[in-house]
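Residue numbers (our numbering): 2 to 346. A virtual CB, placed ideally from N, CA and C, is assigned to each residue, including glycine.
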Amino acid sequence: MTAEEPVPSVAIIGAGPCGLFQVFELGLLGIRAHVFDSLKVVGGQCAELYPDKPIYDIPALPVCGAQELVDRLMQQIRPFDPQFHLGEEVTTLIPDGAGRFTVGTAGGTQMTAGAVVIAAGLGAFQPRRLGVDGAEAFEGNQIQYRVRDAQQLAGRRLVIFGGGDSALDWAVALAPAARSLTLVHRREHFRGAPATVARMRELQAAGRIQYIEGIAQAVLSDGAELHGVRIKGNDGTTHEVAADQVLVFFGLHPKLGPIAQWGLALERKALAVDTEKFQTSVPGIFAVGAINTYPGKKKLILSGFHEAALAAFGIQHHLFPQQKQFLQYTTTSPIMHKRLGVPDI
Ligand SMILES: Cc1cc2nc3c(=O)[nH]c(=O)nc-3n(C[C@H](O)[C@H](O)[C@H](O)COP(=O)(O)OP(=O)(O)OC[C@H]3O[C@@H](n4cnc5c(N)ncnc54)[C@H](O)[C@@H]3O)c2cc1C
Numbered sequence: 002m003t004a005e006e007p008v009p010s011v012a013i014i015g016a017g018p019c020g021l022f023q024v025f026e027l028g029l030l031g032i033r034a035h036v037f038d039s040l041k042v043v044g045g046q047c048a049e050l051y052p053d054k055p056i057y058d059i060p061a062l063p064v065c066g067a068q069e070l071v072d073r074l075m076q077q078i079r080p081f082d083p084q085f086h087l088g089e090e091v092t093t094l095i096p097d098g099a100g101r102f103t104v105g106t107a108g109g110t111q112m113t114a115g116a117v118v119i120a121a122g123l124g125a126f127q128p129r130r131l132g133v134d135g136a137e138a139f140e141g142n143q144i145q146y147r148v149r150d151a152q153q154l155a156g157r158r159l160v161i162f163g164g165g166d167s168a169l170d171w172a173v174a175l176a177p178a179a180r181s182l183t184l185v186h187r188r189e190h191f192r193g194a195p196a197t198v199a200r201m202r203e204l205q206a207a208g209r210i211q212y213i214e215g216i217a218q219a220v221l222s223d224g225a226e227l228h229g230v231r232i233k234g235n236d237g238t239t240h241e242v243a244a245d246q247v248l249v250f251f252g253l254h255p256k257l258g259p260i261a262q263w264g265l266a267l268e269r270k271a272l273a274v275d276t277e278k279f280q281t282s283v284p285g286i287f288a289v290g291a292i293n294t295y296p297g298k299k300k301l302i303l304s305g306f307h308e309a310a311l312a313a314f315g316i317q318h319h320l321f322p323q324q325k326q327f328l329q330y331t332t333t334s335p336i337m338h339k340r341l342g343v344p345d346i
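Shown next, in the form of C-alpha cells:
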C-alpha cells in the first residue's frame, strides 16, 4: 500500500498492560488500534489478579498500584481513541495471504486488520467451573458463572458457590428478593471485603441466607431440568439443597485456548518471536508481553513495553514496506504533538 491510502487498523488481542501500551506506541506512528479482551475490564493480570498490590519496577514510578498503572495507561492512550471490544474472546485469526487478517470473536464480531498484535499474557481468562458430573449440561442456563440479569433471579431458589468478593456481593444483593438463597464456601474464612462478610452474616442471622461450609458433590436433575445440588459439608454431613439457579464464583484462570490453533510457532506454550520486531512465525502477526518467548525473555511489564515500541515499528513497516522509517522524539516532533493533542512548543 502507499502512504496516501487510509491506514488500516491493527487488532490487539489482550488489554493487559502490554496491549494497552501497544495502543500508545502505534498511536504515535499514526496507526489506530482495536483492542479485544475476553474480560469485561481492561488491565489483564494487573486488574484481575492483583489490583491493590504495589509494583516497584515500573521505570520512573518508584511505587505504583497495579490498578493505578492500568488507569495511567488508559489516560496515556486516550488521545489515540482505541476501539475496545471487551468481553469478547478472539477465537479465529485468518490471514488473507496478502498481509491482512480477519479477526473473529466468540460473540460473532469480525474485523479486518492490517496487522495483529497478540498481547494475550497467560491466555484468556475463563471462569473456574463447578466441576461435578452432570453440571456441564446446565452451564449457560441453570448454572451461571456471572449474573446477566439480577431481576430474573427474584423469587427463585438460588445456590451461590464461592467465598470471594463476587460470591459475597451477589449473595448480599440477591438475598432480599430471592425465594431462598444458600451460600456454599469450602473454608471458614472468606476472601471478600470485611463489611460484605458482616452484611452476609446479618442476613444469615435474619434467615435470609443459609450458609454451608462444604463443596459441591453432584447436581440433582431429572435430566432435562436441574432441581438442586448435593453438597458435602466439611463436618461430613450431606445436604440436598433445592435450586432453580446455581451461581458459581470460583474466580478466573487463564487459558491459551484458540491461540494455540492459529498455526503460529510455539515454544512451551509461548509464541516464538524475533527480537527485532517481535514478529511471530507469520509475517504481520506480532506478539508482545507475557505471551511471547525469545532467548533471555523475562516476563516483566517493562520488557513488554520495550517489545511494544519495537513491534510498532515492525507493524509500520508491514503496512508501508516502501516507507522510510524515522525515529522521532515525543519531546520535539510536531506530528507526534498533533497526534497526542498537545501544544507544539
Ligand atoms: C501477583 C503478581 C504480581 C506481579 N508483579 C509484577 C511486578 O511487580 N512487576 C512486573 O513487571 N510484573 C509483575 N507481574 C507480571 C505481570 O503482571 C505480567 O507480566 C503482565 O501482566 C503481562 O502483561 P500482558 O499485557 O502481556 O498480559 P496480561 O496482563 O496477562 O493480559 C492479557 C490479556 O489478554 C486477554 N486475552 C488472552 N487471550 C485472549 C483472547 N483469545 N481473546 C481476547 N482476550 C484474550 C486476557 O483476558 C488478559 O486480559 C506480576 C504478576 C502477578 C500474577
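Classified as exposed, Lys299 has fewer than 16 neighbouring CB atoms from the shown chains inside 10 Å of its CB. Secondary structure within the segment 65-138: the beta strand (DSSP E) runs of 3 or more consecutive residues, fully enclosed, are 84-87, 91-96, 102-106, 111-114, 116-119, 125-128 (chain order). Contact between Gly164 and Arg188 holds, since their C-beta atoms are separated by about 6 angstroms, short of 8 angstroms. Note on Phe327: under 16 other CB atoms within 10 angstroms of its CB, so exposed under the neighbour-count rule. With respect to Phe250, Ala168 sits close: the two C-beta atoms are nearer than 9 angstroms. For Pro335, the CB stays at least 8 angstroms from every heavy atom of ligand 1. For Gly109, the Cβ stays outside the 8 angstroms cut-off from all heavy atoms of ligand 1. Here the distance from the Cβ of Pro18 to the nearest heavy atom of ligand 1 is below 8 angstroms. Per the C-alpha coordinates, the member of Pro195, Lys339, Thr103, Asn235 positioned closest to Ile216 is Asn235. Distances from the CA of Gly156 to each of Ala271, Ala244, Ala261, Leu341 were compared; the closest alpha carbon is that of Ala244.
Shown here for Val220: same chain residues with a beta carbon closer than 7 angstroms to its own, the five before and five after excluded, namely Val133, Gly135, Ala136, Phe139, Leu227, Val230 in chain order.
Within the model, the alpha-carbon separation for Thr113 versus Leu301 is close to 30 angstroms. The Cβ atoms of Leu248 and Gln153 lie no closer than 9 angstroms to each other. DSSP, reduced to helix, strand and coil, places Glu226 outside both helices and strands of the structure shown, so it counts as coil. Of all alpha-carbon atoms in Leu50, Gln111, Ala225, Gly124, the one lying nearest the alpha-carbon of Gly15 is that of Gly124.
For the 9 angstroms CB-CB criterion, Gly66 and Pro52 form a contact. Here Tyr212 has Leu184, Gln205 as same chain residues with Cβ atoms under 7 angstroms from its own Cβ, once five neighbours each way along the sequence are excluded. For Gln46, the enclosing alpha helix (DSSP H) stretches over residues 45-49. The C-alpha of Arg149 is placed about 32 angstroms away from the C-alpha of Arg33. Between the segment 70-83 and the segment 21-31, the count of C-beta pairs closer than 8 angstroms reaches three or more; the two stretches touch. Spanning the alpha carbons of Phe102 and Gln246 requires a straight line of approximately 41 angstroms. Cβ atoms of Ala116 and Gly264 stay farther apart than 8 angstroms, at about 16 angstroms. Ligand 1 never approaches Lys233 closely enough for any of its heavy atoms to be under 8 angstroms from the residue's Cβ.
Not one heavy atom of ligand 1 is found less than 8 angstroms from the C-beta of Tyr212. In the structure shown, the three-state DSSP call for Ser304 is helix. Between the beta-carbon of Gly122 and that of Gly45 there is about 5 angstroms, and that keeps the pair under the 8 angstroms contact cut. For Ser334, DSSP records no beta bridge to any residue.
Sixteen is the threshold: since fewer than 16 other Cβ atoms of the shown chains lie within 10 Å of the Cβ of Leu87, the residue is exposed.
Residue state for Leu169 is assigned as helix, using DSSP reduced to three classes.
Ranked by how close their Cα comes to the Cα of Gln323, the residues Ser39, Leu94, Gly315 have Gly315 in first place. For Pro9, the CB contacts under 6 angstroms within the same chain, skipping 5 residues up- and downstream, are Gly115 in chain order. DSSP, read as helix, strand or coil, puts Ile210 in coil. Checking the DSSP bridge columns, you'll see Arg158 partnered with Ser181.
By the neighbour-count definition (other C-beta atoms within 10 Å, threshold 16), Pro83 is a buried residue.
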